[in-house]
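What follows is a single structure, written as structure tokens, with notes after it.
In this note's numbering, the protein residues as written are 4 to 419.
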């Protein structure tokens, strides 16, 4: 029975992948990570509210949320190297299983220390799985179609996040916030099972034990990344550009909804609408910009994204009515869709036999997310001391500096 069901699922995946013009493995990754992101967004969307209801202080809430971001960032560095050593399947299974287990464990405690431990381990799971799935999508696609493949993947995870965020409030109001954890863990476990059953490709060169591979990854993570950036000037410029961009975005991102509430004085329904419009713009333009990335290249697309992001962040800080804010947030989403297919395409051009795809992705993502860890705190200080528009204006100013390394990359590209 199980074998028959699996064969039927395989045939279904093949038919749908052919219809959509995707490789089968890319479709499986899209399905698995749609479920994974749907389950995660069910509880993570309202996690700060849950922590507040559980009696945690503001300092503890900030520490827990910072712990998640820090654990993801720090795990990116060795996990990319690990994925290149042992292949994509093992990190994907281990990462998704870790996410599922620790989400389930959150249901049983309101102790701040245990919550911190479980959320950090959840972040480690995210950090293990993300470089592996990004490398998997790249390897399964022809280089001339990698932008489209990434666009399809990001549509799946963004759609899941929108759906999960929308349903989280409805479910929490009917069954309680704490009940979201077991529901989410079932979905997360389902994603892990799909990965286990249907992703069989293993692209690593490691012939030793996983334990030794893990030790090797930890040992080489920092020194290997430093060596990589020291010897590859273009990758170094990309990392610098993305770091400025990430810092600017992380500074303003937590205050988008707050700005709508306090500065524009929108009600909760109107605020929800403009956030939904942001996500709609982001999802609806992934495919067109994926195609443009394949035609024009990653560098021009990423440069345009940086320039237009700066303008849109300033425009939102100047919004004073619902209509202007709504239009600006649609543009937020459209401009945001230019980012990921472009940056991943550029990263993959720098993969070598020594530094594989996942190693490159893990290294650059670790740097850019690590740089942004403190940005929300700086945004909070700016919000409190300088006024509501301050995080957006300062974030836009910082983002201008992301354009300078990109200009150097564009000049070098034009001479090749």
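Glycine is no exception: its CB is placed at the ideal position from the N, C-alpha and C atoms.
Keep in mind the model is a prediction, meaning the values are calculated, not measured.
Cβ shell of residue i (< 7 Å), same chain only, five flanking positions each side left out
| i | result |
| --- | --- |
| residue 86 | 94, 134, 135, 138 and 361 |
| residue 337 | 284 and 288 |
| residue 175 | 49 and 183 |
| residue 265 | 391 |
| residue 69 | 376 |
| residue 190 | 38, 41 and 42 |
Beta carbon of residue i nearer than 9 Å to that of residue j
| i | j | result |
| --- | --- | --- |
| residue 344 | residue 53 | no |
| residue 184 | residue 109 | yes |
| residue 160 | residue 36 | yes |
| residue 112 | residue 67 | no |
| residue 347 | residue 141 | yes |
| residue 375 | residue 260 | no |
| residue 277 | residue 350 | no |
| residue 43 | residue 187 | yes |
| residue 1 | residue 370 | Lying before the first or after the last residue shown, residue 1 is absent from the chain, which here runs from 4 to 419. |
| residue 98 | residue 131 | yes |
| residue 100 | residue 192 | yes |
| residue 62 | residue 195 | no |
| residue 305 | residue 342 | yes |
Residue nearest to residue i in terms of C-alpha spacing, selected from the options
| i | options | result |
| --- | --- | --- |
| residue 413 | 379, 392 and 301 | 301 |
| residue 125 | 311, 39, 392 and 330 | 39 |
| residue 252 | 31, 403 and 115 | 403 |
| residue 34 | 90, 390, 389 and 199 | 199 |
| residue 1 | 107, 103, 92 and 115 | One cannot answer for residue 1 here, as it falls past the ends of the chain, which runs 4 to 419. |
| residue 303 | 326, 379, 282 and 415 | 415 |
| residue 158 | 69, 107, 173 and 282 | 282 |
Distance, residue j Cα to residue i Cα
| i | j | result |
| --- | --- | --- |
| residue 117 | residue 307 | 44 Å |
| residue 164 | residue 178 | 20 Å |
| residue 335 | residue 313 | 10 Å |
| residue 49 | residue 105 | 17 Å |
| residue 128 | residue 373 | 17 Å |
| residue 383 | residue 88 | 41 Å |
| residue 273 | residue 83 | 41 Å |
| residue 424 | residue 280 | Within the shown structure, residues of the chain are numbered from 4 to 419, placing residue 424 beyond reach of any answer. |
| residue 400 | residue 410 | 17 Å |
| residue 364 | residue 150 | 15 Å |
| residue 74 | residue 65 | 14 Å |
| residue 156 | residue 381 | 32 Å |
| residue 296 | residue 32 | 21 Å |
| residue 120 | residue 55 | 17 Å |
| residue 270 | residue 91 | 45 Å |
| residue 377 | residue 389 | 18 Å |
| residue 379 | residue 78 | 20 Å |
| residue 311 | residue 326 | 20 Å |
| residue 162 | residue 181 | 24 Å |
| residue 102 | residue 197 | 14 Å |
Residues of its chain near residue i, where Cβ-Cβ distance is below 6 Å and the 5 sequence neighbours each way are ignored
| i | result |
| --- | --- |
| residue 422 | No statement about residue 422 is possible, as the shown extent of the chain runs from 4 to 419 and does not include it. |
| residue 408 | 240, 243 and 244 |
| residue 420 | This structure gives no information on residue 420, because the portion of the chain shown stretches from 4 to 419. |
| residue 385 | 393, 394 and 397 |
| residue 46 | 183, 184 and 187 |
| residue 143 | 26, 28 and 29 |
Cutoff 8 Å; reference residue i; Cβ partners in own chain excluding five residues on either side
| i | result |
| --- | --- |
| residue 395 | 255, 258, 262, 316, 317, 319 and 320 |
| residue 309 | 244, 248, 402, 405, 406 and 409 |
| residue 329 | 276, 277 and 280 |
| residue 352 | 301 |
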